[in-house]
Amino acid sequence: MRLFGLLIAIAAPALAGEYAVLTSGARLHADRHELDGGKVRLYNGDGYTELAQSLIAGYESDGQAPPAASTIVKETVPPPAPAPTPKELADAAADRYGLPRSLVRSVMAAESGNAPKAVSPKGAIGLMQLMPGTAQDLNADPNDPAQNADAGARYLRDLLVKYDGRLWHALAAYNAGPGAVDKYKGIPPYRETVNYIRRVDAKFKEAVSNQPSPNSSSAAAIETSH
1 MRLFGLLIAI AAPALAGEYA VLTSGARLHA DRHELDGGKV RLYNGDGYTE LAQSLIAGYE
61 SDGQAPPAAS TIVKETVPPP APAPTPKELA DAAADRYGLP RSLVRSVMAA ESGNAPKAVS
121 PKGAIGLMQL MPGTAQDLNA DPNDPAQNAD AGARYLRDLL VKYDGRLWHA LAAYNAGPGA
181 VDKYKGIPPY RETVNYIRRV DAKFKEAVSN QPSPNSSSAA AIETSH
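The numbering of the sequence shown is our numbering, which starts it at 1 and goes up by one.
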């Protein structure tokens with residue numbers, strides 16, 4: 001295969017990026033953003049992440065611009081294969097651990113808005129918002145989207161097993177930690193946790209009723225109540 005060099009001169013200084021601040025408090029870095037109806041596209045390099053505009057509270061400059069390059073040499077090489085989308089990662093993880101696809105999708109959307117680089121104020125990372133300690137226990141790199149989705153689904157499966165298939169207990173433990181659920185012998189009285197459970201549960205039930213996943217039979221073992 002022959003490679004052709006293309007010389008590109010850059011005269012203008014490089015622009016600093018920005019942070020999209022999500023309503024959950026997480027901050028997602030991007031080179032720039034564009035509005036498209038009710039959607040926002042956050043661009044990084046040649047790709048972008050698309051979110052609902054309602055998930056974004058505002059934008060902050062990162063305050064740092066990379067040094068301008070006087071000359072960049074690019075080679076025309078075949079483009080890499082596209083990375084799996086968040087939904088594809090959620091579905092693969094759900095299938096791997098016998099969970100309804102719509103459940104893992106609902107948790108991922110509630111946790112990060114499907115943003116692979118989201119970081120919460122408490123330090124939770126990535127698509128499934130894994131805390132570093134939890135990711136370490138699961139032997140996963142939380143900064144790798146595929147490992148993050150896999151570990152999050154595995155953790156959710158383990159919580160469902162722990163609480164005998166009771167979805168609300170598992171979601172409460174995912175959000176507030178198993179210690180809180182065990183302490184209160186049920187759903188802890190935390191407003192954030194209760195709202196989180198209701199949001200995920202409603203989205204999950206709606207998805208199951210409207211368009212059952214190929215593995216929707218696994219939903220039968222999950223009690224969608226407290």
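Virtual Cβ for every residue (Gly too), placed ideally from N, Cα, C.
For residue i, which residues from the same chain have a beta carbon less than 7 Å from its beta carbon, with the 5 sequence-adjacent residues on both sides left out?
i, result
"D91", "R101"
"A170", "L156, L159, L160, Y163"
Excluding the 5 residues preceding and the 5 following residue i in the sequence, name in chain order all residues of the same chain whose CB lies nearer than 6 Å to its CB.
i, result
"E34", "R41"
"S112", "A118, L127, Q129"
"L51", "V40, G113"
"A236", "There is no way to answer for residue 236, as the model of the chain reaches only from 1 to 226."
"F204", "S102, L103, S106"
"S213", "With a pLDDT of 47 at S213, under the threshold of 50, the modelled position of that residue is not reliable, and the figure given next carries that caveat. Correct list, in chain order: P100, R101, S102."
"F4", "Any answer about F4 is weak, because its pLDDT of 40 lies below 50 and its placement is not dependable; what the coordinates show is given next. Excluding positions up to five away in sequence, the list reads T76."
Run through the DSSP bridge pairs and tell me what residue i is partnered with.
i, result
"N44", "G47"
"K39", "D36, A52"
"A30", "E18"
"G58", "V21"
Cβ atoms of residue j and residue i: under 8 Å apart, would you say?
i, j, result
"A151", "L138", "yes"
"M128", "A149", "yes"
"L103", "A57", "no"
"P86", "P116", "yes"
"A176", "P189", "no"
"S106", "A207", "yes"
"P121", "G25", "yes"
"A110", "R199", "yes"
Among residues of its own chain, excluding the 5 on either side of residue i, which ones have a beta-carbon nearer than 8 Å to its beta-carbon?
i, result
"Y19", "R27, L28, H29, A30, Y59, E60, S61, D62"
"P84", "A92, P145, A146"
"Y43", "A30, D31, R32, H33, E34"
"D141", "A135, Q147, N148"
"G45", "D31"
"R2", "Because R2 sits at a pLDDT of 43, beneath the cut-off of 50, its placement in the model cannot be relied upon, and the following sentence gives the value as read from the coordinates. Answer for R2: no residue qualifies."
"Y174", "V107, Y155, L156, L159"
"D182", "none"
Open item on the list: Quick check on the DSSP output: what are the complete alpha helix (DSSP H) runs of length 4 or more inside the segment 91–164, in order along the chain?
Closed with: Runs of the alpha helix (DSSP H) inside the segment 91–164: 101–112, 132–137, 145–162.
- [ ] Output the residue ranges of the alpha helix (DSSP H) runs that lie fully inside the segment 179–216 and measure 4 residues or longer, sorted by chain position.
- [x] Taken in chain order, the complete alpha helix (DSSP H) segments of 4 or more residues contained in the segment 179–216 are 191–210.
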